[in-house]
Each structure stands twice: as structure tokens, then as C-alpha cells.
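Reviewing the structure listed below.
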Amino acid sequence: MSDLRIGVFVCCCGINISAYVDVPAVIEYAKTLPGVVYAEEDIYACSNDGLTKIKKAIKKHKLNRVVVAGCTPRTHESLFQEALEEAGVNKYLFEMANIRDQCSWVHMKEPKKATEKAKDLIRMAAAKTMLLEPGDEPEIEIKQSTLVIGGGVSGVCAAISLADQGFNVIIVEKEPQLGGKMRNFDSLFPHRQKVSEMLESLLQKIQTNPRIQVMTGGKIKSVSGFLGNFTIDVETRTGTESLNVGTIIVAVGADILKPKGLYLYGEDKRVITQSELEEILRAGSVDANRIVMIQCVGSRSAERPYCSRICCNEAVKNAINLTQQDKEVYILYRDLQAYGITYSRLEQEAKQNGVRFLKYQQEKPPKVTAETDGLRINLYSPTVNQDVEVKADLLVLSTPLIPVTDARELSQMLKVPLDSNGFFREAHVKLRPIDFATDGIYVCGTAHSPKDVGESVAQALGVASRAAIQMAKKRVRIAAIMSEVDQTKCSGCGICIDVCAYNAIRKNEKGLAETIAAACKGCGVCGATCPEKAITMHHFTDEQIEAQGLAALMEE
Amino acid sequence: MSTFEPNLVGFLCNWCSYAGADLAGVSRIQYPTNLRIIKVMCSGRIEPGMVLELLEAGADGVMVTGCHIGDCHYTSGNLHTMRKFALLQKLLAKTGLEPQRIKLEWNSAAEGQRFANLVREFTDQIRVIGPNPIKAPNPEQRILLNIRAAKEAADGFRLRALVGKEEKLATEGNVYGEKVAQDEFNEVMEQAVETEFQIHRIQLMLRERPRSVKEIAKNLGLNTRLVLNYMVALRQRGWVDIKDAVEGTPLYAAQ
């Protein structure tokens, strides 16, 4: 490839970039860069029109390298790479300059400097592009089976959907039985359907489906491999079993906070949580006449800043059920989150049934005092601007869903991230809400964040579809971002084998190192470590990284 | 206030810190424009020599960021980053450049605000230190020589092999099964860094023109006996040889 023909496409992203970066000036500058033969502006480079324009320009100007300056490669690189392939250019001859997320959006008050930085970023990308080499992606077979971690309602629904589509599914549940947290509940909002009815029919489907294997009392011990070929060791009561699957679904659910030390919980038997109330209701009726509920116990606080989403509706539902047993119910809330069509109707119904709603303020939480004939609750009501006292036979605390205790351990084994609250974090909040950034691993239900059963099931069906899409392809190409050992330079010291976290390097019959392409994840630690500098980290070579760095320091 | 605008380069790992930088953008958190970001898959990809090369080329500061310890996308990549950065710090200390010109930080994908703060702090820090002295119209030759020697030492077999073996030496031990304590390893490393740094300084000087041990000793501010020892090591590696002799004093030249 002696004749370098780089095309630079500068995206305005509507006005997200062009409002802060002088795009025409950037394009004029890009045209002066070595190797660049063409540069143009796009309103939305990622739109159908934009991609078509890029493909046409590649053909018209015989481009053999492409730089797109726009948003972040983390979300859009693959889209542009597809366009390159369609236009007959290898997808590894592509580089993005991140002039939106890391430029226009963070320098909104400094348009001149933002423009200079955009030019620099494009110069850096072009410098790397000049040194890029086409990559060949090895193809591997995708195992037609899924591991579902967690046998709650999300995991069970995902498993049934996948089995219905013809894939084999293994559910690993750490508890002795399936059903998850739903087992504790009495009924589901908004229609107050009995949990037992719904759960039984689901579990029936699991038992009768020959494609679904269930391992209860199982704990994930280790995970290795990649999309299409994961190996998972599961510890069961009878020993360790090794599973081999193509995709993994994380449906571990959440725990319910036990609010020790709050509102006499754990000290007075008349103080229980909302889920403990459900268990009582499931068994029969409540031995109390006046019931007070407090919302946001242990949530929306400094320690746990998030809203747990389900507690308001659960409280309202339980309150309605209690009024039907002629109980008197008070709900003490901070902000009632009765969202959407069904839940706002539920709130109205509760009010019609005589449930009393009393607002309290976070900085003046209710005070609970135990008395022999009941509990005394004092609070300041901002609505009427005065102190209020309520007597209760039973106090019910609405506590949030919290991440399961082994979430971190599991996230490290799967190499997927958790968010700042400790829940599993999706690849992209809007565009890839149930994928992880790691291919072949998906998340659904309350493992991801607090949500109700309907939302969890929707996600479960979603991940079943996401996993099925990959498995239906039968084969997958794996990224050509991998290391390669130059056998003429290798001394056989074996240090690369020690530092590789994936056992992706082995010694060949000559005692020299070689990379196992399918196992290599492309981190580049081996390349950075090899004492002989015998390892090339493709797509992130020493020369490419250095060229980018030196280009960053060049004066315009 | 000075008008000095530092040129900063940041190496960010794809999974945590680059995503954190994107989040700063999505959240519209504003920070100074001085940092130029280079994405790598893992911070463990960054070699001390790469950072030293940028400092030699005039970068006012170089930042490396990765996933928090324990959260590495590649499980242990950032532990390697840490070891490599420790070597980089030791080498930089020899050159006479300010240690604050390099920075290693961990930043998660959820820490957009933190990333913006890091860039702001680093930019401010470099503004205080001032421009990289290498960029001066007549840069001090000694610093230039030092930084080149540091880079070559960083790229050389001995230091790379030592860093590569650090983990195994600590956990599994050496070929005799003796585990090496961190203090002990640091001492070995410190000694190796000094030797490699001096050896590469001498070699660089000899690449310019043949010189005597005495001249080199004077130039580098080392005692002649020490330089003679290094010269023996250099000859053993086949990097230098005696080219000539003036009035009975041998002159060495790079091979």
C-alpha cells in the first residue's frame, strides 16, 4: 500500500459539534495533512445519508484509509467500519477522532480552543491511520446454548424464551429453588394478581421444557472464554461442574434492604418491611387495625442516592389490599412516584379507598416511639405546616432493592462493570440498554436496577432476543486486535505467558511464544512487557501509538 | 497570570477511563482544552519508553489513566500499568525533569466529573511547573542526554524483563523458589535503573564521537572507576569498543 489516500469526514452532529467547533476551518486544515486527499462535512455522518455519502466518497476518490471526526468510537466505530467494508475497504483502516464527547461538549465556552483541539485530534487520528494495516478476523463457531445466572422471574422468562427459539439453556440458581424474590410476595401491582398463580405456570414451563436444565444451589466459580465459547465452572452440592455455552445472561436480581437501626426496625416487632408485610398477607390477614407506612427508608439518601422505583407502587398496592380488610392505612412519603398510566390510577384508587397520604421532609424524618399500646409516630407535615402525630399498631418500612452481595465478585469473573450503586451497568443507557460492552453477555431484571416484574420480564425477553441474534449467526468473526509474536526476535523467556490474563500465549515446539488468536482479548500487556520487543499488538502498535503522541505535540 | 498553555497527552484505557471521559462530555462537564487523548485498549499497553519519548518531544505533561484496581476489564492489566509506572518514575527522577510531569490515575466509566477534575488539576499543576525545559531555545544538553538515555534504558531488555518478572518473583519466587519481598525487589530495581541509565548515557555520548573514560567521567560527573566498570559492561554487551588511543589513553566508540 504505497499510495496513501486518506479521507476525513467531519461530522457536525446536528449542531452538537458545529456550534462550538468551526467545522469548515477544521476541514480546510484536514486537507493540508499528509496523506489526506479528501475532506468533507456531514450533518450527521452516522445517518443513512451520511453513511451513503462516505461510501460514495470512498469509491469516487479511491480512498484507502478513513478518519471520521465526530462522536465517540465506543458507540459508533462499528457502524462506520461496516460502511467501509461495504465500500470495499478493510474495517481496520479506520480511525475516529472524538471531537464531540471529548471536545465540543467539554469546551463549550472556548470555541477557538475547541477548534484548535479538534484539528489536533484529527491530525493525531490521521497520523495513526497512515500506519494502520488491514486486519483479518478469524471466524469461530458459536455454541447454541446460553447460561442464565439467576432463576428469578427474569432468568426464568429469558430461559423459556430462548428454549422456545430452539436454544439449549442452563439456569444456575444459588438458592435451593427457582423463583427468586418473587416467592416472598403476595400479589403484584397494578392488578394485584396473586404471585403464586403467575410463578407456578412459569415454573411448570421450565420443568416440562427438555431444552432447559436447572442447577439449583449452584455458585459460579470462574468464567473464561468469549462470545460463542464461554467456559464456566459451577460449584454445586455434588462438586464442580464445567459448562460450555455460547452466551451468558446475568439475571441475578437484587436483595431487599433490611433497615437495621432505622425507625426501631429490629428492636420492636411491630416494625417490619414492606416485603415482610407481603409474606404476612400471603399467609392471611394482618393483626393490626391502623398501619403506617414510611417510604424512602434507606434510599434517596447520601449513602444510597437512588430511587428504588418500585416501593411507592408496592406500598400503594398493599395499602389498597389492607383497606379491603377494613384497615386504616397511612403512607408517609417524600415524593410519591406513582408514574405512568396504571400507577397513577392505583394512587387514585388508594385515595378513594381512604388511604391517607402524608408528606414528610428528608431533613425532618418521622420519629417513632414505642409505647405499650402501639407505636407513636411524630412528623412535621410541610403541607399543613405543622407537627402531626399518628398512632399505629404496625409500622411498615418501604426499603429499596440493593445489589446482591456477590455482584462484585461475579462482575469481576465476567469482566463486566458495576455502576456507582453496585448494580450491573449496561453498555449504553439508551442504545444498548441490556447488553454489556463485552460481546455475548447480557443483563436483565433487577440485577441492572430496581424495576417491577413487568419491566423485568420485558428485559428478560429482550436479552433472550439479543442472545438469540448472536447464536443464530452460528459463526462469529473475532476482532483482529490481537498480539503476534515475531519468532525471530523471541528468546523464549516466557514472561509474556506469565503476564497474559487469558492464557492466550503458549510456547510452541521450539520453545518460542505464540499467540492463540481466539483467546487473545487484545489488551496489549504482553506487547508492552516483552523484554525483546518481539510482540506486535495489532491495531495498537508501538509505531501507531507513538505517531499519535508525536502528532499531538506538533505545532499546526 | 502567565499565558503558558501546556501541551498534555493522556493515554486512556478503552473500557473505564476513556468511557469516563466520554461521560464528562455527555454530562457537559467543562474542563481545560490542553489534554490530547490517545485511546488504548488497556493502560497496561503503555510502556515507560512511550511516555519518555513524548517528554523528549516536548510534551509538558503525560497522564496515564486506567480502570480502578480490581475493576480492570482485563482483570490484571492495571496492575501491570502500576509496575511500569513505578519504573517510569524511577527513570524520570534520574533525568532532572520534574516528577510532577507524569501522572497515573484510575478513573471509572461512571466518573465523568472526576475525569474533568483530573484534567483540570493536571493542567493547573503543569501551569505552575512551567514549560518542559527541553522546548527552550537552547535546551540544557544534559537534560536532553538524560531523557534519551532514560528512554533507551526503558526500552532495553534488562529493565523490561525485571518489570515483567516482578509479579512472579513476588508470588511464586525465583528459579530457586525464593520469594522476593517488595523492599528487596525495589532495591534490585533501583540499582538496575541506575546502571542502565548510566550505561545508556555513556553509549549516547560515544555515538557522538569517540571519548576517553576520563572525559566521560568529567562530563557526567561520575568517578572514573565507576565509568570504567560501566565501560566493561558496555564492551561485554558488544555496544562499544576501543577505537584509538591518544598518548596511551584509550578512546572508546559506540559499535
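Which chain is which? The protein sequence lines are W and F, in order. Per numbering that gives the first Met the number 0, numbering through the first sequence is continuous, rising by one, with the last residue being 555. Per numbering that gives the first Met the number 0, numbering through the second sequence is continuous, rising by one, with the last residue being 254. Don't be surprised by glycine CBs; every beta carbon is placed ideally from N, CA and C.
By Cβ distance below 6 Å, which residues in the same chain neighbour residue i in space, the five residues on each side in sequence not counted?
i      : result
W:E313 : Q273
W:K257 : none
W:Y359 : L331, P365 and L378
F:A244 : none
W:E531 : K488 and S490
W:Q212 : I169
W:S223 : T230
W:S574 : Only positions 0 to 555 of chain W appear in this structure, which leaves residue 574 of chain W out of reach.
For residue i, I'd like the list of residues in its chain whose CB is within less than 8 Å of its CB, leaving aside the five on either flank, ordered along the chain.
i      : result
F:A191 : R157, L158 and L161
F:M0   : Low confidence applies to F:M0: its pLDDT is 48, below 50, so where it sits in the model is not reliable, and the reading given next is rough at best. Excluding sequence neighbours, F:M0 sits near nothing in its chain.
W:M0   : Per-residue confidence for W:M0 stands at a pLDDT of 47, beneath the threshold of 50, marking its modelled position as unreliable; the derived number appears in the next sentence. Here the set comprises N63.
W:N228 : I139, E140, I141, K142, N243, G245 and A517
Which residues in chain W have a C-beta closer than 7 Å to the C-beta of residue i? List them in chain order.
i      : result
F:R100 : None at all; the shortest Cβ gap to chain W is about 13 Å.
F:A18  : R73
F:K164 : I494
F:Y251 : Correct list: empty, because the minimum Cβ distance to chain W is about 26 Å.
F:A58  : L552
F:K167 : D497
May I ask you to list the residues that DSSP assigns as paired with residue i?
i      : result
W:P402 : W:A253
F:W105 : F:G65
F:P249 : F:A244
W:K488 : W:K488 pairs with nothing; no bridge assigned.
W:R355 : W:Y329
W:I170 : W:V147 and W:V213
W:F93  : W:V65
W:D286 : Partner(s): none; W:D286 has no beta bridge.
W:L409 : Answer by DSSP bridge pairing: none, since W:L409 is not bridged.
F:R148 : A quick correction: the sequence has Ala, not Arg, at residue 148 of chain F. Looking at the DSSP assignment, F:A148 forms no beta bridge with any residue, so it has no partner.
W:V367 : W:I376
W:H427 : W:R431
Which chain W residues are close to residue i, counting only those with a beta carbon under 8 Å from its beta carbon?
i      : result
F:L91  : The premise fails here: F:L91 is roughly 16 Å from chain W at the closest Cβ pair, so nothing lies under 8 Å.
F:F156 : P530 and E531
F:Q29  : V105, H106, M107 and K108
F:G76  : A500, C522 and V524
F:W14  : P416 and A436
With the cut-off set at 8 Å, would you say residue i and residue j are in Cβ contact?
i      : j      : result
W:Y183 : W:E277 : As written in the sequence, residue 183 of chain W is Asn, which differs from the Tyr given in the question. For W:N183 and W:E277, yes; Cβs fall inside 8 Å.
F:G9   : F:I36  : yes
W:R269 : W:L374 : yes
F:Y30  : F:A115 : yes
F:L117 : F:L203 : no
W:C12  : W:R99  : yes
W:A391 : W:R236 : no
W:L413 : W:A406 : no
W:L261 : W:V315 : no
W:T71  : F:D21  : yes
W:E39  : W:I26  : yes
W:D485 : W:A550 : no
W:C492 : W:S153 : no
W:V285 : W:K326 : yes
Less than 7 Å between C-beta atoms, sequence neighbours within five positions excluded: which residues of the same chain meet that for residue i?
i      : result
W:K52  : D41
W:K90  : Q80, L83 and E84
W:E109 : none
W:G521 : A478, I480 and M481
So which residues on chain W does residue i lean against when the C-beta distance must stay under 9 Å?
i     : result
F:L53 : E545, G548, L549, A551 and L552
Determine the chain F residues that contact residue i at a beta-carbon separation under 9 Å, and present them in chain order.
i      : result
W:L120 : R35 and I36
W:K450 : Those do not exist, as W:K450 stays about 19 Å from chain F at its closest Cβ, beyond 9 Å.
Going along chain F in order, which residues have a C-beta closer than 8 Å to the C-beta of residue i?
i     : result
W:R99 : G24
Kindly list, in the order they appear in chain F, the residues whose Cβ is closer than 7 Å to that of residue i.
i      : result
W:A113 : T32
W:I480 : M40
Can at least three beta-carbon pairs, one atom from the stretch 111 to 131 of chain W and one from the stretch 15 to 29 of chain W, be found at a separation below 8 Å? Cβ pair count under 8 Å is three or more, so yes.
I want to know whether the stretch 425 to 432 of chain W touches the stretch 124 to 131 of chain W - three or more CB-CB distances under 8 Å. With a cut-off of 8 Å, the stretch 124 to 131 of chain W and the stretch 425 to 432 of chain W do not count as touching, because too few Cβ pairs lie within range.
Please confirm if the stretch 174 to 193 of chain F is in contact with the stretch 120 to 128 of chain F, defined as three or more CB-CB distances below 8 Å between the two stretches. Touching, no, given that fewer than three Cβ pairs across the two stretches are closer than 8 Å.
Would you call the stretch 99 to 109 of chain F and the stretch 441 to 459 of chain W touching, i.e. three or more CB-CB distances under 8 Å? Fewer than three beta-carbon pairs drawn from the stretch 99 to 109 of chain F and the stretch 441 to 459 of chain W are found closer than 8 Å, and the two stretches are therefore not classed as touching.
Count Cβ pairs between the stretch 238 to 245 of chain W and the stretch 143 to 154 of chain W that sit closer than 8 Å; are there 3 or more? Short answer: they touch.
Tell me which residues of the stretch 32 to 54 of chain F have at least one Cβ-Cβ distance to chain C shorter than 8 Å, keeping chain order. The chain inventory of the structure shown lacks chain C, comprising the protein chains W and F.
Check whether the stretch 196 to 210 of chain F and the stretch 220 to 240 of chain F touch, using three or more Cβ-Cβ pairs below 8 Å as the test. Proximity of the stretch 196 to 210 of chain F to the stretch 220 to 240 of chain F meets the contact definition, three or more beta-carbon pairs being nearer than 8 Å.
Give a yes or no on contact between the stretch 320 to 340 of chain W and the stretch 198 to 217 of chain W, applying the rule of three or more CB pairs nearer than 8 Å. Not touching, per the Cβ criterion.
Counting beta carbon pairs with one atom in the stretch 161 to 181 of chain W and one in the stretch 504 to 517 of chain W, are three or more of them shorter than 8 Å? As far as the Cβ criterion goes, the stretch 504 to 517 of chain W does not touch the stretch 161 to 181 of chain W, which means the pair count is below three.
Three CB pairs or more closer than 8 Å across the stretch 132 to 146 of chain F and the stretch 41 to 50 of chain F: Contact fails between the stretch 132 to 146 of chain F and the stretch 41 to 50 of chain F, because fewer than three Cβ pairs, one in each stretch, are under 8 Å apart.
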